[in-house]
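Here's the structure, in structure tokens; my notes come after.
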Amino acid sequence: MMTKLLSKEMKLTASPLSFIFIAFAAMTMIPGYPILCGAFFICLGIFYTFQQATECDDISYTVLLPVRKRDVVTAKFLFAVIIELISFTACTVLTAVRMNALSGADAYLRNPMMNANTAYLGFVLLIFAMFNIFFLGGFFRTAYKTGMPFIVFCIVAFIVISAAEAIHHVPGFEYMNRTAGVSKAQCIILALGAVVFAAGTILSHRISASSFERIDF
Amino acid sequence: MENILDVQGISKSYPLFRLNNISFSVQAGEVMGFVGRNGAGKTTTLKAVLNLVHPDAGQVKILGMDFLGHEDQVKQQIGYAVGGISYYKRKKVRDIIAVTRTFYDNWDDGECTHYMTAFKIDGDKKIMELSEGMKVKFYLTMALSHHAKLLILDEPTSGLDPVSRDEMTVIFRKLAEKGVAILFSTHITSDLEKCADSITYIKDGELAASMKKDDFIQKYTAEMGTTPTLEDIMIYIEKEEVEI
């Protein structure tokens with residue numbers, strides 16, 4: 001049943017922008033730019049699908065299909081997570097290219113902003129986790145309001161991006177921006193990002209499924 | 001005859017409205033007109049039947065099954081159509097059918113083609129290109145293609161021209177002859193004169209009557225002293241002094 005619902009999400013509900021915006025993973029390669037904004041734009045692409053879903057009465061249509069309401073929520077979470085994981089994979093590949101093949105590039109060596117490294121990937125996962133918690137969790141409280149949950153996500157994402165961009169300027173934390181090799185501290189950031197992403201998404205899904213069951217349409 | 005839908009004591013409170021103790025049943029092959037003014041509680045009742053709103057009290061059984069415990073099984077047997085709504089308006093009819101058919105165990109491509117042809121629906125048209133009447137026919141096609149035993153229709157004839165409305169009532173009668181139970185909410189009573197077997201009347205969230213159409217008319221013939229139409233009865237029941 002989940003395969004059918006996911007197929008329905010892809011064929012009927014999804015905005016093409018959700019797929020096109022995966023290309024923002026390429027921002028990983030831009031020097032002198034807050035590259036975490038790429039993760040934000042990828043989330044913006046997923047947001048367009050939810051906005052389109054409310055415009056085309058997708059929720060009303062889906063809850064009348066012979067499925068459980070909980071499965072409707074699961075399918076929409078899976079859609080978002082699939083886009084996020086494809087994007088994360090692209091970010092990882094591009095980070096590896098930037099750290100290895102292009103490690104000597106002058107533009108990267110003189111980059112005052114966050115470098116693409118292991119810690120960056122941790123922060124990407126953290127941005128995705130914030131989207132799943134604040135946007136998806138907020139959306140399923142009503143199943144039609146997209147504006148306020150997205151504004152909340154934007155604020156949180158701005159704070160995460162600012163903090164991530166600031167941390168390597170703090171004396172003693174310069175190693176966070178190193179691209180030579182993989183440091184233990186950077187790995188901890190990646191691991192933390194992965195844990196927050198997994199735990200936050202699972203928790204948000206549980207709360208969303210429960211909220212969605214209680215909604216009067 | 002077998003009860004396809006059994007609604008017992010549905011109640012739901014909102015801050016400014018209360019749906020109170022609504023009970024009725026629909027049998028196989030019966031067209032029930034669900035009547036009341038705008039805001040009387042018709043849509044809320046239908047949504048409660050479909051588990052789209054959560055009643056404070058009451059029970060809904062479809063084909064003898066409790067909706068809550070058998071949600072996906074029950075929905076396999078239901079078709080729902082609502083007037084004035086456009087699902088996936090930028091998608092083609094054919095694409096929506098291709099996705100929808102995968103969810104139903106009893107989907108019948110032959111029936112789908114049959115109704116598409118009978119209703120003259122062009123599969124290559126987008127939903128936004130269909131007239132209101134064609135949209136309702138499209139939703140009916142999808143409901144009938146999985147052999148729904150119960151059709152729940154929320155104001156399906158609203159916004160249709162008189163010819164399309166007449167066409168719809170003929171379609172409902174033919175479906176009823178095939179054994180489909182139809183619960184049909186409307187405030188356009190002339191449609192019910194043509195196709196309803198029974199009437200459930202709801203006023204201000206209260207059940208005013210639920211009986212055979214002939215008995216309903218007879219009851220008000222005695223009260224009103226003339227032989228009224230359903231519209232006359234509705235005006236008689238609802239008439240209020242307007243103070244300006």
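Protein chains in written order, with the numbering used here: chain A, 1 to 217; chain B, 1 to 244.
Beta carbons are placed, not taken as given, at the ideal position from N, Cα and C, and that holds for glycine.
Legend entry - 4 or more residues per run - each alpha helix (DSSP H) lying fully within the segment 23-110 of chain B: 42-49, 71-76, 93-100
Inset, instruction - Check whether the Cβ atoms of residue 28 of chain B and residue 179 of chain B sit closer than 7 Å, and answer yes or no. - result: yes
Legend entry - residue 6 of chain B - containing alpha helix (DSSP H), residue span: From DSSP, residue 6 of chain B is part of no alpha helix (DSSP H) but of the beta strand (DSSP E) over 3-14.
Legend entry - Option in A:169, A:125, A:161, A:6 with minimal Cα separation from residue 71 of chain A: The shortest Cα separation from residue 71 of chain A among A:169, A:125, A:161, A:6 belongs to A:6.
Legend entry - Within chain B, partners of residue 7 of chain A - CB distance below 9 Å: 99, 102
Inset, instruction - Decide yes or no for the touch test of the segment 159-177 of chain B against the segment 4-16 of chain B: beta carbon pairs closer than 8 Å, at least 3 of them. - result: no
Legend entry - Interface residues of chain A facing residue 59 of chain B [CB-CB closer than 9 Å]: Within chain A, no residue comes near residue 59 of chain B; the closest Cβ sits about 17 Å away, beyond 9 Å.
Inset, instruction - Determine, using beta carbons only, whether residue 61 of chain A comes closer than 7 Å to chain B. - result: yes
Inset, instruction - Check residue 57 of chain A in the structure and name its three-state DSSP category. - result: coil
Inset, instruction - Give a yes or no on contact between the segment 36-53 of chain B and the segment 118-128 of chain B, applying the rule of three or more CB pairs nearer than 8 Å. - result: no
Legend entry - chain B contacts made by the segment 56-85 of chain A, where a contact means CB separation under 9 Å: 56, 57, 58, 60, 61, 63, 64, 65, 66, 67, 68, 69, 71
Legend entry - Spatial neighbours of residue 228 of chain B in its chain, beta-carbon cut-off 8 Å, leaving aside the 5 residues before and after: 217, 220, 221, 236
Inset, instruction - With DSSP collapsed to three states, give me the class of residue 85 of chain A. - result: helix
Inset, instruction - Select from B:210, B:202, B:225, B:215 the residue whose C-alpha is nearest the C-alpha of residue 238 of chain B. - result: B:202
Inset, instruction - Closer than 9 Å, Cβ to Cβ, to anything on chain A: give me those residues from the segment 214-225 of chain B, in chain order. - result: Here the close residues number zero.
Inset, instruction - For the alpha helix (DSSP H) containing residue 125 of chain A, list its first residue and its last residue. - result: 118-130
Inset, instruction - Would you kindly check if the distance between the Cβ of residue 62 of chain B and the Cβ of residue 5 of chain B is under 7 Å? - result: yes
Inset, instruction - Kindly list the residues whose CB is nearer than 6 Å to the CB of residue 206 of chain B, restricted to its own chain and excluding five residues on each side of it in sequence; keep chain order. - result: Hits under 6 Å: 20.
Legend entry - Under 7 Å between C-beta atoms of residue 34 of chain A and residue 161 of chain A: Against a cut-off of 7 Å, the Cβ pair of residue 161 of chain A and residue 34 of chain A comes out as a contact.
Inset, instruction - Check whether the Cβ of residue 11 of chain A lies closer than 7 Å to any Cβ atom in chain E. - result: The structure shown has no chain E; the protein chains it does contain are A and B.
Inset, instruction - Starting from residue 212 of chain B, trace the beta strand (DSSP E) both ways and give me its first and last residue. - result: DSSP places residue 212 of chain B in the uninterrupted beta strand (DSSP E) bounded by 206-212.
Legend entry - Distance between beta carbons of residue 141 of chain A and residue 210 of chain A, contact taken as under 8 Å: Residue 210 of chain A to residue 141 of chain A, Cβ: 10 Å. No contact.
Inset, instruction - Let me know the secondary structure DSSP gives residue 181 of chain B once reduced to three states. - result: strand
Inset, instruction - Return the bridge partner residues of residue 20 of chain B from the DSSP annotation. - result: B:206
Legend entry - Contact list for residue 71 of chain B against chain A, beta-carbon separation under 9 Å: Chain-order list of chain A residues neighbouring residue 71 of chain B: 66, 67, 68, 69, by C-beta distance under 9 Å.
Inset, instruction - Give the interface partners of residue 95 of chain B over in chain A, defined as CB-CB distance under 8 Å, in chain order. - result: 11, 12
Legend entry - C-beta neighbour in chain B for residue 217 of chain A, strict 7 Å: yes
Legend entry - Option nearest residue 14 of chain A by Cα separation, candidates A:79, A:132, A:155, A:22: A:79
Legend entry - Closer than 7 Å to chain B by CB, residue 145 of chain A: no
Inset, instruction - Give the interface partners of residue 91 of chain B over in chain A, defined as CB-CB distance under 9 Å, in chain order. - result: 11, 12, 56
Inset, instruction - Starting from the beta carbon of residue 4 of chain A, find every residue of chain B whose beta carbon is closer than 7 Å, and list them in chain order. - result: 102, 103
Inset, instruction - List the DSSP bridge partners of residue 153 of chain B. - result: B:81, B:184
Legend entry - Spatial neighbours of residue 69 of chain A in its chain, beta-carbon cut-off 7 Å, leaving aside the 5 residues before and after: For residue 69 of chain A, where only same-chain residues beyond five positions count, the Cβ hits under 7 Å are 63, 212, 213.
Legend entry - Through-space distance from residue 69 of chain B to residue 38 of chain B, alpha-carbon basis: 32 Å
Inset, instruction - Measuring only between beta-carbons, confirm whether residue 52 of chain B sits less than 7 Å from chain A. - result: yes
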